[in-house]
Structures are given as structure tokens and as C-alpha cells.
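Enquirer: Residue numbers (our numbering): 205 to 713.
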């Protein structure tokens, strides 16, 4: 007769918790630890949420076993007195051998007796240590389970340990620490993330799927990096894919892996393999409008069902992924709407008009079934002059941090900041904040790097950036030309007053 197939389904959370309570005594006896009820519940809850590739109760039991072993190993370290005894015995043996070679037999006998006494003391301490090791050595609580799951999955401990509701309620404040302005964009992202985590949307779908459109250099990619760090603890959780590499039909298969018989079959997909190895990530697809239409069809499955099958037939889970698509659709519309110069802070009508025109272009380019699966279509605003001021402070903060490695401080007063912001390179708003970065490189970083290489900053501990008028030089309007001046302050010496020297680097405006 043939053997009949019996399908065994994994237990639910309640049954898995009952199984854990039944196994608790055996693991407590084996590891000499004690498991709390909260720890067992955390084993089931955290493993079912953060280890999606395996089934209950196997993964929960593994977490319980590893957590018990972790506490047991912490208490198994040898006492320091035992190590000191071993060192002392070895020293006495060496002295005894030296005494025998020098024919000092009486001294050798004394050293031998002393070594024997230390060995007896060592045996006594080892016996007490073994007896102590057989006693319950620790307690496994919810915090230890969080630490164990963090080690197993690579998800930061704070991500699991801290109350997620508190973190999500403060999400806008955390993102604003890195992204200047864009209140509407950050608010829409935060609301979608809270809606997902509150359980008010399908648990099979990704955490969030967004389409970012807007001017260049206003923080679209930076928001993705900030979101990756906030949600998963590190920018390494950002999977960035340039969709210009998938413009041809034959390149689309690279996302899920080459089919059997084709080159690269064993390498896996560029998208599926990364998510399979790291299920918690932010996926950023840059310039999605350049991709072949087959990519959109592939993303329909990801955005609706939260999974994708790779070339090996493995189902890759996307339910713990934040999917972000960026697009330059309507770049000409944005350019015409923004124009030259900075946008006024209260100019909402222009932004609404630009948004309507962009939405029309987006609906014309993408199919309705694709747009219908997105959580939000977010239009980024052009930067204002106040935003550029804040971005300048953030960029200078990075320069200050790099100079700290050379034990040098830098001070940039308001007039120097105004001087850099008034240069023609920074005034071009069409390219967002990137011209500001180039302006800081040109007028501040380049002169300082040359001074560092020349060795002129040796012995200096502070740099002050000032604006200086150039004598005998005027612009077309008759105003005197200015330049940046770097004032270097020497490191303080004992019983000597600080000396200052001024050096000028010509950076004409």
C-alpha cells in the first residue's frame, strides 16, 4: 500500500505559546536558567514577526534555546582567582626547575611543597565553581529575548525594544533632523507608516509604497536614507536601484534573476536576492519612468500581494519593505513654475498648480492599475531661502565634524554664511541644494584642504571664516568686492599668550 500524505500546518500563536510552556522545564534544566512568562510570549511574538522565513514553533524554540545559552555563557566565565593561581603555579614550577639545575635542593623542596598547596587550593576552587555552575545561574526576561532576536535577524535592538507607537508618533521630528522643510512629504510618509503599523491595512502588503516627484536636489533621496535609518536603524538598510539599467526588455529579468539556461542564473536577482537576505529594508528605485513597462507589471505583484517569486522558484517576502519610487516626470513643468530665484514661503497657489500639472503627467505616463496600488504620490516643494539657510548649517556641521579629526574647530559667522549664499552658483534654484554643497566646497573646503596639505594648520586649534573687502577693487555698481578670510588661532601654550595670525585666501564673489 502507498503511504498516505498527512499535511501538518504550523500552529497559531496561542498554540505555539502553549508548546513553549511545555518545553520550558527541559530548557531550564539544560541551560540552568529560568524563563519568565513574558520571555516566552516575546519568543513567539518576535519570532513570528521578525523571522518570516521559518515556521512556529520551531523558530520560537530556537530563540528560547539561544537566549538560554547566552545567559548561561555569561555566567560560565572562570573566576579571576583561578587564573591567578595557574600563573603562580607555573611560576613556582619554573623556579623549582632552576633551583634543581643550580643544585639548590632544599630550596627546590620548599618550592615543590608550596606548589602542591596551591594545587590543592586550585582543586578546591574548581570544585566550588562546578557546584556553583549547577545552580540556576540567571533569568531570561523579555530584554534578553529582544537582544537574541536582534542578533539573529540583524534588526537593531532599539527597533524591537522601544515602544513602536512612541517612535511612530515622533516620526516627523526624527525625519526633520536630517530633511529640511518638505513638511507635507514627511507628513504623508509618516501617516502612511503609522496606518500600516496600526494594523489598519492589509498585512500582506509592503509597509508602504510611495512615488516621489518634484524638483531635483530638494531631498527625495535624503528622505529615503533618513527613513531607512529611522525604521531599521541604519542607512545600510537602503537598497538603491537605478532604473536606467532596466530600460531594455531583456534586462528586466535581472531583478528576479536570469531564467534557467541563461548567463547569471546562479547569481540570483538584483532585487529579490537582497530582500531575501535582508527582509527589512527600504527599496529605492530611482527614475522609475526610465524603466521598461514590464517592470511596472512586476511591481504590481509586490505592491498588492507583498511577494515575488525569483528565478529559483523561491517566494521572496516584501511585507516588511518600504518601496519608494522616484521620478523626474514633468521636469520642464517644474522648471517653468520655479523659475530663477527663491520661492516665497507663502506661495501655495503656485505649488498647487504645479502639483495638478504633475499629476496630469503622471496619469498620462503610468497605467491606472499601477497608480492605484501606491499608498501616496508625494510632490516635493521647491526650497525657500530659509531652507537654504538650514541646509547650510547642516553642511557646515559635516565640515566641522571632519575638522575635529585634525583637532581644529571652525566658526562661520552670519556674514560669511550670507557671502556664500549670495554667490551666483548658489543662487541657481533649479538644482535645489546641490549648488550650495558645491559652493561650500569651492569657497571653504578647497582653501582649507590646500592649507592642510601645506602644513600651515599645524599647531592651530580654531579657524574663523570672515568677509574682507578687497582694496581698490569694485564691481559694476561701484560696490567694493569682497572675499573670504580665514583667521587661524594657535593652540594655547603653557605660560604663553595665544597668538593669532591672519591669512587671506582670495575667493572673489
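Each residue gets a CB set at the ideal place from its N, CA and C atoms; glycine is no exception.
With H, G and I counted as helix, E and B as strand and the rest as coil, what does DSSP make of residue 570?
Expert: It is coil, neither helix nor strand.
Enquirer: I'd like the span of the alpha helix (DSSP H) that includes residue 595, first residue to last.
Expert: Note, residue 595: alpha helix (DSSP H), 589-608.
Enquirer: Considering residue 581, what are the terminal residues of the beta strand (DSSP E) in which it resides?
Expert: 580-583 is the extent of the beta strand (DSSP E) around residue 581.
Enquirer: Secondary structure at residue 413, three-state DSSP: helix, strand or coil?
Expert: Reduced to three states, the DSSP call for residue 413 is strand.
Enquirer: Could you spell out the range, first to last residue, of the beta strand (DSSP E) harbouring residue 342?
Expert: Here the beta strand (DSSP E) through residue 342 covers 342-344.
Enquirer: Return the CA-CA distance between residue 313 and residue 293, expressed in angstroms with no decimal places.
Expert: Between residue 313 and residue 293, the C-alpha separation is close to 14 angstroms.
Enquirer: Have a look at residue 235 and residue 244 and give me their C-alpha separation to the nearest angstrom.
Expert: Looking at the two C-alpha atoms, the distance is approximately 15 angstroms.
Enquirer: Return helix, strand or coil for residue 451, following the three-state DSSP convention.
Expert: Coil, per DSSP.
Enquirer: Any idea what DSSP makes of residue 707, helix, strand or coil?
Expert: Because residue 707 carries a pLDDT of 49, less than 50, the predicted location of this residue cannot be relied on, and the following value inherits that uncertainty. The answer is strand: DSSP assigns residue 707 an E or B state.
Enquirer: Tell me residue 238's beta-bridge partners as DSSP assigns them.
Expert: According to DSSP, which records beta bridges pairwise, residue 238 is partnered with 343.
Enquirer: Can you list, in chain order, the stretches of the beta strand (DSSP E) that have 3 or more residues and sit fully within the stretch 438-505?
Expert: Segments of the beta strand (DSSP E) lying fully in the stretch 438-505: 442-446, 485-490.
Enquirer: Using 8 angstroms as the threshold, is the C-beta distance between residue 458 and residue 504 below it?
Expert: It is not a contact, given that the beta carbons lie outside the stated cut-off.
Enquirer: Whether or not the stretch 239-258 and the stretch 297-316 are in contact is what I'm after, with contact meaning three or more pairs of Cβ atoms, one per stretch, closer than 8 angstroms; do they touch?
Expert: Result no; under three Cβ-Cβ pairs closer than 8 angstroms.
Enquirer: Which two residues bound the contiguous alpha helix (DSSP H) that contains residue 270?
Expert: From DSSP, the alpha helix (DSSP H) with residue 270 extends over 262-278.
Enquirer: At the level of alpha carbons, what is the spacing between residue 490 and residue 263?
Expert: Their backbone Cα atoms lie some 36 angstroms apart in a straight line.
Enquirer: So residue 167 is in the alpha helix (DSSP H); what residue range does that whole segment cover?
Expert: What is shown of the chain runs 205 to 713, which leaves residue 167 out entirely.
Enquirer: Rounded to whole angstroms, what is the Cα-Cα separation between residue 211 and residue 447?
Expert: Near 43 angstroms, if we compare the C-alpha coordinates of residue 447 and residue 211.
Enquirer: For residue 556, which of 388, 609, 655 has the nearest alpha-carbon?
Expert: Checking every option, the nearest Cα to that of residue 556 belongs to 388.
Enquirer: Report yes if the CB atom of residue 689 is closer than 8 angstroms to the CB atom of residue 675, and no otherwise.
Expert: Not closer than 8 angstroms, so no.
Enquirer: For my contact list, residue 527 and residue 410 are in at a C-beta cut-off of 8 angstroms; report their separation, rounded to the angstrom.
Expert: Indeed, because the Cβ distance is near 5 angstroms, the residues count as touching under 8 angstroms.
Enquirer: Does residue 519 pass the burial test, meaning 16 or more other C-beta atoms within 10 Å, or should it be called exposed?
Expert: Residue 519 should be labelled exposed.
Enquirer: Using three-state DSSP, classify residue 648 as helix, strand or coil.
Expert: DSSP places residue 648 in helix when its eight states are reduced to three.
Enquirer: Assign residue 558 to one of two classes, buried (16 or more other C-beta atoms within 10 Å of its C-beta) or exposed (fewer than that).
Expert: With 16 or more Cβ atoms within 10 Å of its Cβ, residue 558 is classed as buried.
Enquirer: Using only CA atoms, which one of 500, 470, 415, 423 lies nearest to residue 451?
Expert: Comparing Cα positions, the closest option is 500.
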